Ligand SMILES: [Zn+2]
Ligand SMILES: [Zn+2]
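Chains as they are written, first to last, in this note's numbering: chain A, 68 to 385; chain B, 6 to 116.
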């Protein structure tokens, strides 16, 4: 029981990879369910507003796009590439901004998100991976079951990662922990800001309600969904250009809406790469933003694989 | 609280449990903080060691795994030092029975 932890791997001394506590599991899974339901409620509210009041306005879509981009980048550039993979260095203010934006996505506080993601990389597509579509079996039915699990089922089934094991670097960062502790305040801010902005522009309470729905709830659902495409489809559908030891894929149709994270085979092949575009045509919006941060002097030490490293892991055309 | 303390003092089992748990916790903190075991002090608060609430939740989770009993994840904020936590765990009479059994297991099955 104590020789291996629930991720199935040998324990490292006294510190386990996951925390086997029913209450913690239940509260994290409840959190996922509430966030998902809030997003769906937003979609319903938007439909009602559109039917009862007026059609979706350009302001609604603009508020949605702006907050989707800012908060989505908080997750992809901040939580994923900077905090989980240390793919580049950034100024304290940039780190804080990325952490706060990422928290607004309501996918868990930054330390939790990073710990679970590092657990994913350690076991990618093997038993212990919190969200692999490839572990349910190979029949058509099992493939669908696996995809459903990796899309949304995992959000209410995943283990509780132990931050002492997976995220000690973040636990030691006092400023970041200050942000991490105020997680629910950032979620609230991510709902209040679009409501306030939209209300101010439209000069009406209805405008504020629409801002809450489009920039808050529907945006929340959309950012959840792009992450779910990565956890499921980006380990199932597309090309495998590099040896990565798992089933991760590259797929431009996933890469565009996921702000570049759909170059997921590139990512698992070279997890520390800050920019996931390895070919001129591989559009990576998050990578462009990292280059922009670098240009502004806010980011440096941008990790990139050398051409030799790329060539060495390149799979033969098959 | 006072009655619990005197009860504990009267029970040699409680003292043994307290000792075992404190020993495990010293080892845990030394491993986590990467400092020598001798530098771990039973009365220094977890806070002083730089453990914030999240790290102590992880620590309680690992303690839970080692003891094989369910613990409150936020136990360490109510009992914020090795001595306070070990004492609190040994103080509960019902849990003491479980712990006595658990800690007497042969060393090979411990992590
Ligand atoms: Zn990653
Ligand atoms: Zn992956």
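Using N, Cα and C, we set each Cβ at its ideal position, and we do this for glycine too.
Because the structure is a prediction, the values reported are computed rather than measured.
Separation of residue j from residue i, as counted between CA atoms
i: residue 100 (chain A); j: residue 73 (chain B); result: 29 Å
i: residue 330 (chain A); j: residue 324 (chain A); result: 11 Å
i: residue 211 (chain A); j: residue 201 (chain A); result: 10 Å
i: residue 111 (chain B); j: residue 358 (chain A); result: Its pLDDT being 34, under 50, residue 111 (chain B) is placed unreliably in this model, and the value from its coordinates should be taken loosely. Distance between the alpha carbons of residue 111 (chain B) and residue 358 (chain A) is about 57 Å.
i: residue 113 (chain B); j: residue 75 (chain B); result: Legend: pLDDT at residue 113 (chain B) = 31, less than 50; position of this residue unreliable, value from coordinates given subsequently. About 22 Å.
i: residue 155 (chain A); j: residue 354 (chain A); result: 11 Å
i: residue 115 (chain A); j: residue 172 (chain A); result: 24 Å
i: residue 252 (chain A); j: residue 377 (chain A); result: 42 Å
i: residue 55 (chain B); j: residue 371 (chain A); result: 34 Å
i: residue 148 (chain A); j: residue 334 (chain A); result: 10 Å
i: residue 83 (chain A); j: residue 282 (chain A); result: 39 Å
i: residue 167 (chain A); j: residue 141 (chain A); result: 7 Å
i: residue 347 (chain A); j: residue 175 (chain A); result: 34 Å
i: residue 35 (chain B); j: residue 94 (chain B); result: 21 Å
i: residue 302 (chain A); j: residue 311 (chain A); result: 11 Å
i: residue 275 (chain A); j: residue 97 (chain B); result: 53 Å
i: residue 13 (chain B); j: residue 46 (chain B); result: Bear in mind that the predicted position of residue 13 (chain B) carries a pLDDT of just 46, short of 50, making it unreliable; the figure below should be weighed with that in mind. Using only the alpha carbons, I get a separation of about 22 Å.
i: residue 185 (chain A); j: residue 308 (chain A); result: 22 Å
i: residue 105 (chain B); j: residue 248 (chain A); result: 36 Å
i: residue 104 (chain A); j: residue 120 (chain A); result: 23 Å
i: residue 343 (chain A); j: residue 327 (chain A); result: 7 Å
i: residue 204 (chain A); j: residue 192 (chain A); result: 12 Å
i: residue 99 (chain B); j: residue 89 (chain B); result: 18 Å
i: residue 361 (chain A); j: residue 22 (chain B); result: 55 Å
i: residue 385 (chain A); j: residue 314 (chain A); result: Note that residue 385 (chain A) has pLDDT 46, beneath the 50 cutoff, so the model's placement of it is unreliable and no number is given.
beta-carbon residue i near ligand 2 non-hydrogen atom, thresh 8 Å
i: residue 297 (chain A); result: yes
i: residue 308 (chain A); result: no
i: residue 301 (chain A); result: yes
i: residue 152 (chain A); result: no
i: residue 315 (chain A); result: yes
i: residue 331 (chain A); result: yes
i: residue 206 (chain A); result: no
i: residue 225 (chain A); result: no
i: residue 191 (chain A); result: yes
Residue i versus the options, residue with shortest Cα-Cα distance
i: residue 130 (chain A); options: A:266, A:114, A:335 and A:337; result: A:266
i: residue 146 (chain A); options: A:294, A:207, A:371 and A:239; result: A:294
i: residue 240 (chain A); options: A:186, A:257 and A:177; result: A:177
i: residue 134 (chain A); options: A:104, A:227, A:278 and A:196; result: A:278
i: residue 62 (chain B); options: B:79, B:46, B:51 and B:48; result: B:79
i: residue 42 (chain B); options: B:51, B:50, B:109 and B:32; result: B:32
i: residue 60 (chain B); options: A:104, A:349 and A:236; result: A:236
i: residue 280 (chain A); options: A:89, A:126 and A:88; result: A:126
i: residue 26 (chain B); options: B:38, B:71 and B:83; result: B:71
i: residue 379 (chain A); options: A:118, A:337 and A:362; result: A:337
i: residue 86 (chain B); options: B:107, B:93, B:51 and B:96; result: B:51
i: residue 29 (chain B); options: B:102, B:58 and B:69; result: B:69
i: residue 234 (chain A); options: B:38, B:109 and B:102; result: B:38
i: residue 194 (chain A); options: A:369, A:213 and A:124; result: A:213
i: residue 90 (chain A); options: B:90, B:65 and B:105; result: B:65
i: residue 86 (chain A); options: A:179, A:264 and A:153; result: A:179
i: residue 95 (chain A); options: A:363, A:327 and A:223; result: A:223
i: residue 199 (chain A); options: A:111, A:188 and A:365; result: A:188
i: residue 110 (chain A); options: A:287, A:351 and A:299; result: A:287
i: residue 268 (chain A); options: A:208, A:124 and A:108; result: A:124
Residue i beta carbon near ligand 1 (any heavy atom closer than 8 Å)
i: residue 228 (chain A); result: no
i: residue 147 (chain A); result: yes
i: residue 338 (chain A); result: yes
i: residue 187 (chain A); result: yes
i: residue 334 (chain A); result: yes
i: residue 184 (chain A); result: yes
Beta-bridge pairing of residue i - partner residues as DSSP gives them
i: residue 156 (chain A); result: A:367
i: residue 227 (chain A); result: A:86
i: residue 309 (chain A); result: A:381
i: residue 292 (chain A); result: Partner(s): none; residue 292 (chain A) has no beta bridge.
i: residue 265 (chain A); result: Answer is none; residue 265 (chain A) lacks a bridge partner.
i: residue 317 (chain A); result: A:306 and A:330
i: residue 50 (chain B); result: B:86
Listed in chain order, which residues of the stretch 75-109 of chain B have Cβ atoms closer than 9 Å to some Cβ of chain A?
Those would be 75, 76, 77 and 78, in chain order.
Chain B contacts from the stretch 231-248 of chain A (Cβ-Cβ distance under 8 Å)
So the list reads 231, 232, 235, 238, 239, 244, 247 and 248, given in the order they occur along the chain.
So if I threshold CB-CB distances at 7 Å, which residues from the stretch 170-196 of chain A count as touching chain B?
Within the stretch 170-196 of chain A, the residues whose Cβ lies closer than 7 Å to some Cβ of chain B are 178, listed in chain order.
For the stretch 25-49 of chain B, enumerate the residues whose C-beta is nearer than 8 Å to any C-beta of chain A, in chain order.
Closer than 8 Å at the C-beta level to chain A, one finds these residues of the stretch 25-49 of chain B: 29, 32, 33, 36 and 37.
Interface positions of the stretch 306-324 of chain A facing chain B (Cβ-Cβ less than 7 Å), listed along the chain:
Correct list: empty, as no residue qualifies.
Relative to chain B, which residues along the stretch 86-97 of chain A have a C-beta separation below 8 Å, given in chain order?
Along the stretch 86-97 of chain A, the positions whose C-beta sits under 8 Å from a C-beta of chain B are 86, 87, 88, 89, 90 and 91, read in chain order.
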